[in-house]
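**Q** First to last, the sequence lines map onto chains E and P. Just so we're aligned: the first sequence equals residues 569 to 998 in this note's numbering. Just so we're aligned: the second sequence equals residues 34 to 206 in this note's numbering. Glycine included, each C-beta is placed from N, C-alpha and C at the ideal position. Let me give you the structure first, and then I'll get to my questions.
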Amino acid sequence: METNYLVILALLIGCLASTVPVFMALFFTGMVGLVWIAGIDPQIVVEVLYRSMDKFALIVVLFFVLCGNIMTTGSIVAKLIKTANALVGFLPGGLAIAGVLACGFFGAISGSTVATVVAIGGFMIPALLKHNYDEKFSVGIMTTAPILGVIIPPSIAMILYAMVSNDPLEALFLTGFVPGLLIIIFMSLYAYFFCKRNEADTIPRPSFREFIAVVRESIWALMLPVLIFGGIYSGYFTANEAAVVACFYAFVVEICIHRDLKLRDIKNVVISSAITSATLLVIVAGASVFGEYLTFEQIPGQIANAVVENIQTPWVFLLSVNILLLIIGMFMDIISATLILTPIFLPLLSRFGIDTMHFGLLMTLNLGIGYCTPPLGVSLYISGAVADRDLIYVSKAVLPFLLIQIAILLVLTFWPDLVLFLPRWVYPTP
Amino acid sequence: MKKLVYHIHRTFAFFEDWSLFITVMVALLVAIANVMLRKLTSDVNLYWSDEVVRKTIFFTTYVGCIAAIRNRSLIRIDALPQLFPFMKKPLTLLNHLGVLVFSGFMVYLGCSLAVLVYNDQFAKTASLQIPEWYFYALFPVMGVMMFIRTLIVMVEDWFGIDLSKPPTRDGEV
């Protein structure tokens, strides 16, 4: 039996390492396990592919991706940066802090780190350099701040985690606000003190009238997160309905009010969103086939027994998982890692008395940090291309910011109430 | 030969793009109509809207996959070719072979399952009573399209053809 497990593990790692698309790697591994090892009819595998996509909850992924793409194609990014600049641009390091804030605003609309790096980083890195900010600092902060895209809800990774763990999505979203706020505060503080010492340019403080004019110009964009979260947490919308409404709102705002989305752009935005969503959702289908095999062989339970025999306390377990996820995050994208690892870790959480929502946030944060961790974090390559710098330069540039994020991760790991007080307060258990 | 590849590419792209656009817009319009009716009226809703949205998600996911092969945007872990650039070509070939094998599975298994469901006269969707075999039939169709699309991508890679531009009169692309 153990030889079979080794074959399956080797096949999975082999397929993933040899750049076979993740969903196919999961499909092949699950297929070999179910058909050749467990002796199940191969038609069941196709049935699993069908049933895994026949779920209404998946609408959230498609429509939040579409909403983010509509806003990126329109003028939202420029408006968010302008607002953030008006708020904090006059402080020492103000432009960098504005970049972090803009990532936070954008994170509340889009659910992806890569989208945030491209949208905000591509705009902010040249702007920071133009204002005489230290280049290494500029590249570092704009490579790491986009982690806010997956931490601040709506987050695609959290949506997929909630599907596997059966946590209420609305409550899971709430776990992201405090960590997101902590990242904004501490990265902004670092930027403030670093730039004060290095005397980077500041922009003049806007008058009250100028500030109001900027807010008025951006109000429709700023209202989108209010609509999403106001709707969800007032109980007026479910998360699924909020995704639909947000999408419709974004279309109306960009086409009729901002008029920055031309009718001919709509087709391209819709098609590119459908393709992006398909690349994510098809991993759900592949993971379902693989998950079917794991469940059939009761592998998560066996792993749980083995781990519990060797690790005694929840803290040691969480610390080990943090290290493991940080390493995995360097090599694997957040969606694949979430869908592959969540079913394996879930049975362990109840054994150690760890809240599944707390773990979901830690997993998202860990894997998000992996996006900007050398040598293979995707964000490093995007920022390197924007700044025309090599990987080693960008890797050195992100180090201080990575340390800040890892410190926040450790605090959140060992202080679960900091993550959970908001969902417990909004959704008290009877 | 190059002209033929280009025309197949254009025909596939037309089907992929328009079917994705139409299904996503249908899903969005049906879903928003249902939300509005539910919130603005007390007793009117489109009981079939959830089913339409579920089926469009199913359709867009698998047709979107074919389009993702065209864009080379299927998610994969490309750590090895980044660390060892000399492995890029053999790994790309392996990746294409993986997709071809997967397509073969989809055609074979999808066909047999679609026939099985076709023979079951009660296999219909709950709200709109659409025969379920229509949806199962997407698997072999997807398999065939994925197979041909992957061959086109391999031709693009090996011969350095740029299919985004139309071929010239002498057949060059």
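Entirely within the region 702 to 726 of chain E and at least 4 residues each: give me those alpha helix (DSSP H) ranges in chain order.
**A** 703 to 712 and 716 to 719
**Q** If the criterion is Cβ atoms closer than 8 Å, does the pair E/Ala-975 and E/Leu-594 meet it?
**A** no
**Q** Quick check: what's the CA-CA separation for E/Cys-763 versus E/Pro-984?
**A** 33 Å
**Q** When the cut-off is 8 Å and only beta carbons count, does E/Met-726 lie next to chain P?
**A** no
**Q** Quick check on DSSP: helix, strand or coil for P/Ala-157?
**A** Here residue 157 of chain P is Lys; the residue named in the question, Ala, does not match the sequence. If DSSP states are grouped into helix, strand and coil, P/Lys-157 belongs with the strands.
**Q** Identify, in the order they occur along the chain, each residue of the same chain with its Cβ nearer than 6 Å to the Cβ of E/Phe-631, setting aside the five sequence neighbours on each side.
**A** Ala-811, Val-812 and Cys-815
**Q** Where does E/Pro-868 sit, in a helix, a strand or coil, going by DSSP?
**A** helix
**Q** Would you check if there are 3 or more beta carbon pairs closer than 8 Å linking the region 718 to 736 of chain E to the region 612 to 620 of chain E?
**A** no
**Q** What residue ranges within the region 593 to 671 of chain E form continuous alpha helix (DSSP H) runs of no fewer than 4 residues, ordered along the chain?
**A** For the region 593 to 671 of chain E, whole alpha helix (DSSP H) runs of length 4 or above, ordered along the chain, are 610 to 621, 627 to 641 and 644 to 656.
**Q** For a cutoff of 8 Å on Cβ pairs, would you count E/Tyr-961 as touching chain P?
**A** no
**Q** Give every residue of the same chain whose Cβ lies closer than 8 Å to the Cβ of P/Tyr-95, excluding the five residues on either side of it in the sequence, and list them in chain order.
**A** Leu-171, Phe-172 and Met-175
**Q** Three or more C-beta pairs closer than 8 Å, one from the region 579 to 587 of chain E and one from the region 102 to 114 of chain P: is that the case here?
**A** yes
**Q** If you pair each beta-carbon of the region 947 to 955 of chain E with each one of the region 117 to 131 of chain P, do three or more pairs fall below 8 Å?
**A** no
**Q** Taking only beta-carbon atoms, is P/Val-206 less than 8 Å away from chain E?
**A** Because P/Val-206 carries a pLDDT of 44, less than 50, the predicted location of this residue cannot be relied on, and the following value inherits that uncertainty. Chain E, which has no Cβ nearer than 8 Å to the Cβ of P/Val-206, makes this no.
**Q** Measure from the alpha carbon of P/Ala-66 to the alpha carbon of each residue in P/Ser-106, P/Val-132 and P/Asp-83, then state which is nearest.
**A** Cα-wise, what sits closest to P/Ala-66 is P/Asp-83.
**Q** Excluding the 5 residues flanking E/Pro-915 on each side, which residues of the same chain have their C-beta closer than 7 Å to its C-beta?
**A** Pro-868, Gly-869 and Ala-872
**Q** Look up E/Cys-815 in the DSSP assignment and say whether it is helix, strand or coil.
**A** Residue state, collapsed to three classes: helix.
**Q** Does DSSP classify E/Pro-694 as helix, strand or coil?
**A** helix
**Q** Which of the three DSSP states, helix, strand or coil, is assigned to P/Val-206?
**A** Annotation note: pLDDT 44 at P/Val-206 (below 50); position unreliable, coordinate value reported separately. It is coil, neither helix nor strand.
**Q** Quick test of the definition: if touching needs 3 or more C-beta pairs under 8 Å, does the region 695 to 712 of chain E touch the region 735 to 742 of chain E?
**A** no
**Q** Between E/Met-710 and chain P, is there a C-beta pair that is closer than 8 Å?
**A** no
**Q** Looking at the unbroken alpha helix (DSSP H) that takes in P/Gly-176, where does it start and where does it end?
**A** 171 to 192
**Q** Under the rule that 16 or more other beta-carbon atoms within 10 Å means buried, what is E/His-926, buried or exposed?
**A** buried
**Q** Is there at least one Cβ from chain P nearer than 8 Å to E/Lys-835's Cβ?
**A** yes
**Q** Excluding the 5 residues flanking E/Phe-673 on each side, which residues of the same chain have their C-beta closer than 7 Å to its C-beta?
**A** Leu-648 and Ala-652
**Q** Could you list which residues in chain P have their beta carbon closer than 7 Å to that of E/Phe-745, in chain order?
**A** Here the premise fails: no neighbours, minimum Cβ distance about 25 Å.
**Q** Relative to the alpha-carbon of P/Tyr-80, which residue among P/Gly-143, P/Ala-147, P/Val-177 and P/Thr-158 has its alpha-carbon at the smallest distance?
**A** The residue with the shortest Cα to Cα distance from P/Tyr-80 is P/Thr-158.
**Q** Can you pull the chain P neighbours of E/Ser-723, defined as C-beta to C-beta under 8 Å?
**A** Those within 8 Å of E/Ser-723 in chain P number zero; the least Cβ separation is about 17 Å.
**Q** I want to verify the contact list: residues of chain E whose CB lies under 9 Å from the CB of P/Asp-153, in sequence order.
**A** Within 9 Å Cβ-Cβ: nothing; P/Asp-153 doesn't reach chain E, min ~13 Å.
**Q** Could you name the residues of the region 96 to 125 of chain P whose beta carbon sits closer than 8 Å to any beta carbon of chain E, in the order they occur along the chain?
**A** Val-96, Gly-97, Cys-98, Ala-100, Ala-101, Asn-104, Ser-106, Leu-107, Ile-108, Arg-109, Ile-110, Asp-111, Ala-112, Leu-113, Pro-114, Gln-115, Leu-116, Leu-124 and Thr-125
**Q** Could you name the residues of chain P that E/Val-966 contacts, counting a contact when the two beta carbons are closer than 7 Å?
**A** The contacting residues do not exist; E/Val-966 stays about 17 Å from chain P at best.
**Q** What residues in its chain sit with their C-beta under 6 Å from that of E/Thr-941, if we drop five residues either side in the sequence?
**A** Met-898
**Q** Could you tell me whether the region 832 to 851 of chain E touches the region 54 to 70 of chain P, using the rule of 3 or more Cβ pairs below 8 Å?
**A** yes
**Q** Measure the Cβ-Cβ separation of E/Phe-591 and E/Ile-851 and say whether it is below 8 Å.
**A** yes
**Q** According to DSSP, simplified to helix, strand and coil, what is P/Pro-114?
**A** Note: P/Pro-114 maps to helix in three-state DSSP.
**Q** Would you say P/Met-58 reaches chain E, if we count a Cβ-Cβ gap shorter than 8 Å as a contact?
**A** yes
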